[in-house]
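A.B. asks: From first to last, the protein sequence lines stand for chains H and E.
For what it's worth, the working numbering labels the leading residue of the first sequence as 1, then goes sequentially.
For what it's worth, the working numbering labels the leading residue of the second sequence as 1001, then goes sequentially.
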Amino acid sequence: MKSVLLIAINFVREQRWPILVLLLWVLLLAFLGLATDAARQREDLLFIFKQVAVYVVAFSVFFGSSAIYNDRRSRRILSVLSKAVGRQQYLSGLVIGITLACAIYCFALGITGSWTLGEAGFQISEVWFLMLCLIAACALAGTVALMFSTFLNPFFAAGATAAVMGIPALLSYTSGSAHLAYIVPVYALAATVLNSSFNSHEPMTWVPIALAVAETLVFWLLSARIFSYVDIAVSVE
Amino acid sequence: MPCVLEFQQVTKEYRSLLGRRQVRALDTFDLQVEAGEIFGFLGPNGAGKTTAIHLAMGFMRPSQGLGRLLGKPFGDKRARGRVGFLPENVALYPRRAEPLVRFYGALNGLNGAELRKRAHDALERVGLLEDSSRNISRFSRGMLQRVGLAQAIVNDPELLILDEPTSALDPVARVGVRELLLQARQAGKTIFLSSHLLSEVELVCDRVAVLHRGKLVRMGRTSQLLETTERMEIVARGVTVKSFSGATAQDGVVRFAVPAAQQRAALEQVWNLGGEVVSVNPERRSLEEIFLEVTAPSGAASAAGAV
């Protein structure tokens, strides 16, 4: 477990500059939100908050699809996997690292969202539940991207991830059945955030979060299985 | 002697994406490395040395055959925890040298005061203690190679697998690494050394193997390989250089080599000329000569039987 955490922290450390830029972006938007007449432009504030919030899912796909590729291209993966670290542990470290990186973003968003939306008169009790939805969505999306990146280059891995996440959403939209969106519940979780009106009477359902956690485990096992057959020392160019 | 590294009929083929092109990097490769020796692994570029090392470390799977590292099948992470590995192109995460070595030590299960002490000692042994608080992204290639070596020895491994460990080092650092290897052998460690620096291999290795086009073409004890029973070197005094073809003279001593079958005739010729035989020894060749012989374009086929 220790080596998994070391790899996770190392991943976050390696991604510190993109994470820092994202945090600065969140802070900048929060200050802009506080600087405006929050009470009068509350709907705009809510719209921007929700948009900025769901972007994190795209960041998780970006992190997931490029993590292994970057380590293989730089050949740093050899120095990690030459130690007493199994490939499954390496992947676990990356999954936790990706989730951690997204959780940092969500945490910053939760804090700044609480300030700005609170100032605008919204019920902010729901903010942290929504952040949890996003973290679960990121864990799942990042793991799916990671799985595809074990055998595809980042561009195709990101495309394949988008397809896996998007097809259930499309089926749900065309058939009108909300349950279909729960097949891979990234869209369902993002929709929870996008459709939230910050009304304290809205019901909070934990089903998509639980499903996302379970599917993250399934995709992680699948990626570990595929990755165990990959020749990691072969050039990825 | 127990085997610490063993390849049994290992074949590795690389295939293109659609499987149309196929390159056989290793071909029914057999090798045993015994505990406590420094084993030199030689071969020209593209011979399959790095492929063999990567198979042993579990970075890839053999197409056929199997192998064992410290008694465990290739790829076993517990075995890797007892191995120190330095890749050919050192690639490490850019951070300060000491935390970096500690990071790699921690991946091998070390922690606390022991980890700090081991990291400190490893950096000291490779001569980087003064630079341990500098970020390695500002290091020269030679310094990077030394940090790579530090992360390989931080866990006090039983087996060191080193792929070109001195290729970027200056002569002084090279001597330092050579001493480190000899000390490690004295401490009972095994070293598997892949290198193009034949003079260095000749100096430190107990046994060497030469790989060519994925096949093992020569293997043996270094001292035995360097001596040949086919030609004898005769050193004589009191004769002239002109009396023997290919002879050289220095300080009144004439030195020449003859095929072993003609040794007796040559000695009699020295005596007939009124000379004195100083010594008769099997001719000693350099590792470079052997390497060039077995890796010559037609060498692979002819030398294969000599393994």
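Ideal placement from N, C-alpha and C gives every residue a C-beta, glycine not left out.
Here the structure is a predicted model, which means the values were calculated and not measured.
With a Cβ-Cβ cutoff of 7 Å, do S65(H) and P154(H) count as a contact?
C.D. replies: yes
A.B. asks: With which residues is T1190(E) paired in a DSSP beta bridge?
C.D. replies: L1159(E)
A.B. asks: Spatial neighbours of N10(H) within its chain, please: CB distance less than 7 Å, with the 5 preceding and 5 following residues excluded, ordered by chain position.
C.D. replies: none
A.B. asks: Taking only three categories from DSSP, how would you classify T1011(E)?
C.D. replies: strand
A.B. asks: Going by other Cβ atoms of all chains shown within 10 Å of its Cβ, with 16 needed for buried, is S1302(E) buried or exposed?
C.D. replies: Legend: pLDDT at S1302(E) = 44, less than 50; position of this residue unreliable, value from coordinates given subsequently. Under this definition S1302(E) is an exposed residue.
A.B. asks: Just reading off the alpha helix (DSSP H) that A101(H) is part of, what are its end residues?
C.D. replies: R87 to E119
A.B. asks: In whole angstroms, what is the alpha-carbon distance linking A35(H) and P1099(E)?
C.D. replies: 43 Å
A.B. asks: To the nearest angstrom, how far is it from the Cα of G118(H) to the Cα of Y55(H)?
C.D. replies: 22 Å
A.B. asks: Taking C-alpha atoms, which residue in E1288(E), P1087(E) and G1058(E) lies nearest to L1226(E)?
C.D. replies: E1288(E)
A.B. asks: Quick check: is the beta carbon of D231(H) nearer than 7 Å to any beta carbon in chain E?
C.D. replies: yes
A.B. asks: In this structure, how does DSSP classify M1060(E) when only helix, strand and coil are distinguished?
C.D. replies: coil
A.B. asks: On the DSSP letters alone, give me the boundaries of the beta strand (DSSP E) that G1046(E) sits inside.
C.D. replies: Where G1046(E) is concerned, there is no enclosing beta strand (DSSP E), given that its DSSP letter is neither H nor E.
A.B. asks: With a floor of 3 residues, list each beta strand (DSSP E) that falls wholly inside the region 1083-1146 of chain E, ordered by position along the chain.
C.D. replies: 1083-1086
A.B. asks: Would you tell me roughly how many angstroms separate the C-alpha atoms of L78(H) and Q1022(E), rounded to the nearest one?
C.D. replies: 24 Å
A.B. asks: At the level of alpha carbons, what is the spacing between G1046(E) and D1156(E)?
C.D. replies: 31 Å
A.B. asks: To which residues of the same chain is A1142(E) closer than 7 Å at the C-beta, ignoring the five residues directly before and after it?
C.D. replies: Checking the sequence, you will find Gly at residue 1142(E) rather than Ala. The answer, listed in chain order, is A1168, L1169, D1170 and A1173.
A.B. asks: Provide the residue(s) that pair with T1248(E) in DSSP beta bridges, ordered along the chain.
C.D. replies: Looking at the DSSP assignment, T1248(E) forms a beta bridge with R1255(E).
A.B. asks: For the candidate residues Q1263(E), F1007(E), R1116(E) and G1105(E), whose alpha-carbon lies nearest to that of L1055(E)?
C.D. replies: F1007(E)
A.B. asks: Excluding the five sequence neighbours on either side, which residues of its own chain have a C-beta within less than 6 Å of the C-beta of F1244(E), listed in chain order?
C.D. replies: F1256
A.B. asks: Quick one: residues in its chain with C-beta nearer than 6 Å to the C-beta of A1249(E), no 5 flanking neighbours on either side, listed in chain order?
C.D. replies: V1241
A.B. asks: Taking all protein chains shown into account, decide if G1305(E) is buried (16 or more other Cβ within 10 angstroms of its Cβ) or exposed.
C.D. replies: Caution applies to G1305(E), whose pLDDT of 40 falls short of 50 and renders its modelled position unreliable; the model cannot decide the point.
A.B. asks: Reducing DSSP to helix, strand and coil, say where L1226(E) ends up.
C.D. replies: helix
A.B. asks: For A84(H) and T1228(E), what's the separation of their Cα atoms in angstroms?
C.D. replies: Rounded to the nearest angstrom, the gap between the Cα atoms of A84(H) and T1228(E) is 44 Å.
A.B. asks: Pull up the distance between the alpha-carbon of F1059(E) and that of R1080(E), whole angstroms please.
C.D. replies: 11 Å
A.B. asks: If I1053(E) and I1161(E) are in contact, beta carbons under 8 Å, what's the gap, nearest whole angstrom?
C.D. replies: 6 Å
A.B. asks: Determine whether the Cβ of R73(H) lies closer than 7 Å to any Cβ atom of chain E.
C.D. replies: no
A.B. asks: Determine the burial state of G121(H): buried for a count of at least 16 other Cβ atoms within 10 Å of its Cβ, exposed for fewer.
C.D. replies: The residue is exposed, with fewer than 16 neighbouring Cβ atoms inside 10 Å.
A.B. asks: Residues in its own chain within less than 6 Å of M1(H) by CB, not counting five upstream and five downstream?
C.D. replies: none
A.B. asks: Would you identify the three-state DSSP class for P208(H), choosing helix, strand or coil?
C.D. replies: helix
A.B. asks: Tell me the residue span of the beta strand (DSSP E) that contains G1070(E).
C.D. replies: Position check: residue 1070(E) holds Leu in this sequence, whereas Gly was assumed. Note, L1070(E): premise wrong, no beta strand (DSSP E); not H, not E.
A.B. asks: Find the residues of chain E that neighbour R16(H), judging by a C-beta separation of less than 9 Å, and give them in chain order.
C.D. replies: Going along chain E, no residue has its Cβ under 9 Å from R16(H), so there is no contact; the nearest lies around 11 Å.
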